[in-house]
Structures are given as structure tokens and as C-alpha cells.
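So the mapping is simple: the working numbering equals the position in the sequence shown, first residue as 1, plus 4. Here's the structure we're looking at; comments come further down.
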Amino acid sequence: MKPAAREVFYTAMLRWGVGLVVFDMAGTTVQDDGMVLECFVAAAEYVGLRVSREELNDRMGLSKIAVFDELSRRQVGPGRDEEAKALRDRGYEAFCQVLEGAYARAGVAPIQGAEATFAWLHAHGARVALNTGFYRRVTDIIVRGLRWEDKVDAVVCVDDVRQGRPAPYMIHEAMQRCGVHGVDEVVVVGDTPSDMQAGRNAGARAVVGVTSGSHTASTLRRQPSTHVLPSVRELPEMIERLGRLKR
5 MKPAAREVFY TAMLRWGVGL VVFDMAGTTV QDDGMVLECF VAAAEYVGLR
55 VSREELNDRM GLSKIAVFDE LSRRQVGPGR DEEAKALRDR GYEAFCQVLE
105 GAYARAGVAP IQGAEATFAW LHAHGARVAL NTGFYRRVTD IIVRGLRWED
155 KVDAVVCVDD VRQGRPAPYM IHEAMQRCGV HGVDEVVVVG DTPSDMQAGR
205 NAGARAVVGV TSGSHTASTL RRQPSTHVLP SVRELPEMIE RLGRLKR
């Protein structure tokens with residue numbers, strides 16, 4: 005859709021009152037197949053961080069450097085800030101190298117139905133934004149690899165805000181970039197507990213968990229989600245149903 009035509013649609017808004025959908029990337033709109041978790045595990049083992057695979061999976065969706073900061077401080081103990089910082093930096097650097105290498109080898113692919121859902125939202129007047137706990141370099145690698153520069157209206161990563169999930173700031177930044185002023189116009193979609201928590205903290209109209217990524221439906225239902233779907237492919241139907249519900 006041409007930008008001018010999209011503006012006309014947006015001014016009218018979706019008849020369901022949804023003006024912006026903010027999607028997570030890996031596991032939600034981008035195929036992951038456990039690769040990011042494996043990169044976490046490899047980096048932690050390389051620098052000697054004592055952490056289980058389950059603990060790392062619980063932290064998916066969070067700022068990656070914040071994860072290494074938390075785990076490093078836990079391991080070295082209180083009052084040893086310089087040692088913790090050094091361990092954090094080594095772990096995060098190892099993670100970045102492993103992750104970028106993994107994407108270079110495996111490439112990137114969209115979750116089935118993601119691009120069709122983006123197109124449906126645009127055709128009905130909504131904006132589409134991505135947000136991610138990845139840093140800018142790998143975020144750009146993914147977006148360029150998928151050729152999504154013209155398929156989404158904003159891409160926000162953890163480097164763009166003062167604090168990552170579960171804080172709501174990436175969602176707020178996406179709203180600002182897309183010219184959306186009310187959180188009651190926003191739907192947040194993700195595959196991790198931190199996605200659900202960030203959506204709740206932002207006050208989004210709907211917070212949608214998808215099971216295409218790192219967590220199960222039961223896990224996501226225990227979080228502050230309003231809906232849980234198999235994937236983003238089912239989102240248009242959900243939004244149509246949302247329009248028939250009174251807030």
C-alpha cells in the first residue's frame with residue numbers, strides 16, 4: 005500500500021479500534037527453533053556461568069545484557085561489582101558472537117503467516133511495529149535478511165530505550181514512532197512471559213501470547229495475557245472477534 009493511501013486508512017482506523025500491533029521478533033514473527041536459547045547456553049558455558057537451560061529459557065525476551073548482568077551478580081555475590089561486570093561483559097560478548105554466527109549460517113525466515121498478517125493489518129488501517137530484546141546490530145541483520153524494511157512501520161530494539169522488558173518502554177517508543185497516542189488502540193503480541201508483562205505494563209488493549217516460540221500455552225496463560233493463539237496467523241480472526249466485544 006502506498007504511504008498516502010495508508011494514511012487515509014489509518015485516519016479512519018480499524019473499525020475494531022486497533023491502530024497499532026506491536027510484535028516480538030524471534031519466536032513470534034521470526035522462526036527460532038530454539039536457536040537463541042542454544043546461543044545463550046553456549047555463551048554461559050563458555051564463560052563459566054552456572055545456570056540451567058530452564059533458567060535461561062525463563063529469561064527469553066528480556067534484554068540480553070540484563071540477563072548476563074543478573075546471572076553474573078548472582079554468581080559472584082554481593083560487593084564484587086567489578087568482577088560481576090567483567091563476567092557480564094565476557095558472557096554478553098560471547099553471546100553476541102555466537103548469535104551473529106548462528107544467523108549468518110542458518111539465515112532467517114518468517115513464522116508462517118507473519119507477512120500475511122502484516123499485510124492484513126495494513127490493509128485495514130493499522131500500523132505494524134516490531135520490538136525485541138536483541139541489540140541493534142542483530143536486529144538489523146534479521147530485518148534486512150527478511151526484507152521487512154517496507155513491511156513494518158517501526159522496529160524498536162532494547163538499545164533504543166532506557167530499560168527493556170518487562171518495562172513498557174519499547175511499546176511506548178513504537179507508539180511514538182507510529183503516531184499512535186492511546187494504549188487502548190494497541191495490541192501486543194509475543195511468545196514469552198516478558199512480552200506479556202510488558203504489554204500489561206503498557207496498558208495495551210490486548211496482550212496476545214503465541215505458542216510458536218519458547219513457551220507453552222499454559223505458561224502464557226499464567227501471565228497477564230488476554231488471548232493465547234497458536235501463531236500470529238490467527239491474529240486477524242482474533243482482532244475481528246475483539247471488535248465485537250465491549251471493553
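Even glycine gets a Cβ: it sits at the ideal position worked out from N, Cα and C. Since the structure is predicted, the reported quantities are computational estimates derived from the model, not experimental observations.
Roughly how many angstroms lie between the CA atoms of residue i and residue j, to the nearest whole one?
i: Val236; j: Thr33; result: 7 angstroms
i: Ser67; j: Arg140; result: 12 angstroms
i: Leu103; j: His126; result: 31 angstroms
i: Arg225; j: Arg78; result: 29 angstroms
i: Ala120; j: Leu60; result: 31 angstroms
i: Ala171; j: Gln201; result: 8 angstroms
i: Val160; j: Arg181; result: 9 angstroms
i: Phe99; j: Gly105; result: 10 angstroms
i: Leu150; j: Ile115; result: 11 angstroms
i: Val156; j: Leu24; result: 11 angstroms
i: Gly38; j: Thr223; result: 17 angstroms
i: Asp163; j: His176; result: 14 angstroms
i: Gly247; j: Pro240; result: 11 angstroms
i: Asp93; j: Val45; result: 16 angstroms
i: Arg251; j: Ala178; result: In this prediction, Arg251 has a pLDDT of 38, which is less than 50 and means its spatial position is unreliable; nothing more can be read from the coordinates.
i: Asp154; j: Ser56; result: 39 angstroms
i: Ala210; j: Gln101; result: 36 angstroms
i: Cys43; j: His128; result: 38 angstroms
i: Ala208; j: Ser216; result: 21 angstroms
i: Trp152; j: Gly81; result: 43 angstroms
i: Val190; j: Glu238; result: 17 angstroms
i: Arg169; j: Gly31; result: 16 angstroms
When you compare each of the options to residue i by their alpha carbons, which one comes out closest?
i: Ala108; options: Val132, Leu134 and Ile146; result: Ile146
i: Thr196; options: Asp36, Gly21, Leu24 and Val22; result: Asp36
i: Thr230; options: Gly52, Arg204, Tyr173 and Val142; result: Arg204
i: Gly259; options: Thr143, Gly95, Cys182 and Ala208; result: No statement about residue 259 is possible, as the shown extent of the chain runs from 5 to 251 and does not include it.
i: Thr220; options: Asp62, Gly52 and Ala46; result: Asp62
i: Met29; options: Ala46, Val187, Gly213 and Arg245; result: Gly213
i: Val71; options: Ser222, Tyr96, Ala133 and Lys155; result: Tyr96
i: Ala90; options: Phe44, Ser76 and Gly137; result: Ser76
i: Arg1; options: Val184, Leu233, Glu153 and Glu238; result: Any answer about residue 1 is impossible in this case: the structure gives the chain only from 5 up to 251.
i: Ala2; options: Glu42, Gly186 and Ser218; result: Nothing in the structure corresponds to residue 2, since the chain is present only between 5 and 251.
i: Ile136; options: Met174, Ala118 and Leu53; result: Just to set this straight, residue 136 is Thr in the shown sequence, not Ile. The candidate whose alpha carbon is nearest that of Thr136 is Met174.
i: Gln227; options: Arg209, Ser218, Ser198 and Glu153; result: Ser198
i: Met242; options: Val193, Met64 and Gly217; result: Val193
i: Ala158; options: Gly168, Ala133 and Val165; result: Ala133
i: Gly65; options: Arg245, Ser218 and Glu244; result: Ser218
i: Trp21; options: Ala118, Asp188 and Glu74; result: One detail in the question is off: residue 21 reads as Gly in this sequence, not Trp. If we check each option's Cα against that of Gly21, Asp188 comes out closest.
i: Glu252; options: Gly168, Trp124, Phe138 and Val165; result: A query on residue 252 cannot be resolved here, the shown segment of the chain reaching from 5 to 251 and no further.
Give me the DSSP bridge partner(s) of residue i.
i: Arg131; result: Leu24
i: His231; result: Val212
i: Val184; result: Answer by DSSP bridge pairing: none, since Val184 is not bridged.
i: Ala206; result: Answer is none; Ala206 lacks a bridge partner.
i: Ala221; result: None; Ala221 has no bridge partner.
i: Ala30; result: Val34
Quick one: what does DSSP say residue i is sitting in, helix, strand or coil?
i: Leu53; result: coil
i: Ala171; result: coil
i: Val190; result: strand
i: Val40; result: helix
i: Val159; result: strand
i: Val165; result: coil
i: Asp199; result: helix
i: Glu153; result: coil
i: Tyr237; result: First, the residue type needs correcting, since residue 237 is Arg and not Tyr in the sequence shown. Helix at Arg237.
i: Arg245; result: helix
i: Arg148; result: helix
i: Glu58; result: helix
Hey, would you say the C-beta of residue i is under 7 angstroms away from at least one heavy atom of the ligand ADP?
i: Arg131; result: Among the components modelled here there is no ligand, and therefore nothing to report on the ligand ADP.
Where are the beta strand (DSSP E) runs, 3 residues long or more, that stay fully inside the stretch 60 to 146, in chain order? 131 to 136
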